[in-house]
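Trainee: Numbering (the numbering used here), first residue to last: 11 to 78. All C-beta atoms in this analysis are idealised placements derived from N, C-alpha and C, irrespective of residue type, glycine included.
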Amino acid sequence: MNTKLKKIRLERGETIEKVANGIGVSVPYYSMIENGKRRLYYDLAVRISNYFGLKPDDIFLPNDLTVG
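1) Going by DSSP in three states, residue 12 sits in which element: helix, strand or coil?
2) Once you ignore the five residues that flank residue 76 on each side, which residues in its own chain have a CB closer than 8 Å to its CB?
3) What residues in its chain sit with their C-beta under 8 Å from that of residue 64, if we drop five residues either side in the sequence?
4) Following the continuous alpha helix (DSSP H) through residue 79, name the residue where it begins and the one where it ends.
5) Which residue's Cα is closest to the Cα of residue 12: 50, 61, 60 and 23?
6) Here's the rule I'm using: 16 or more other beta-carbon atoms within 10 Å means buried, otherwise exposed. How should residue 29 be labelled?
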């Protein structure tokens, strides 16, 4: 499960539907990404991070591997 992704979405008051539409995927597909049931490809990680105004590493890299 990508708890960091879900946490960011909830902190910003976004719904799964709004994020899914904003990045151009179906609601079930986005939900599966957030729940760790679908593989995340780099291009989609970039679209998601751009949607939230972050870098892909900020969302998808484990905390113990990030610097700063």
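Mentor: So, from the listed chains and residues:
1) coil
2) Confidence at residue 76 is low in this model, with a pLDDT of 49, below 50, so its placement is unreliable and the value that follows should be read with caution. Excluding sequence neighbours, residue 76 sits near 67 and 68.
3) 18
4) Shown here, the chain extends from 11 to 78; a query on residue 79 therefore has no answer.
5) 50
6) Taking a 10 Å sphere around the C-beta of residue 29, we find 16 or more other C-beta atoms and assign the residue as buried.
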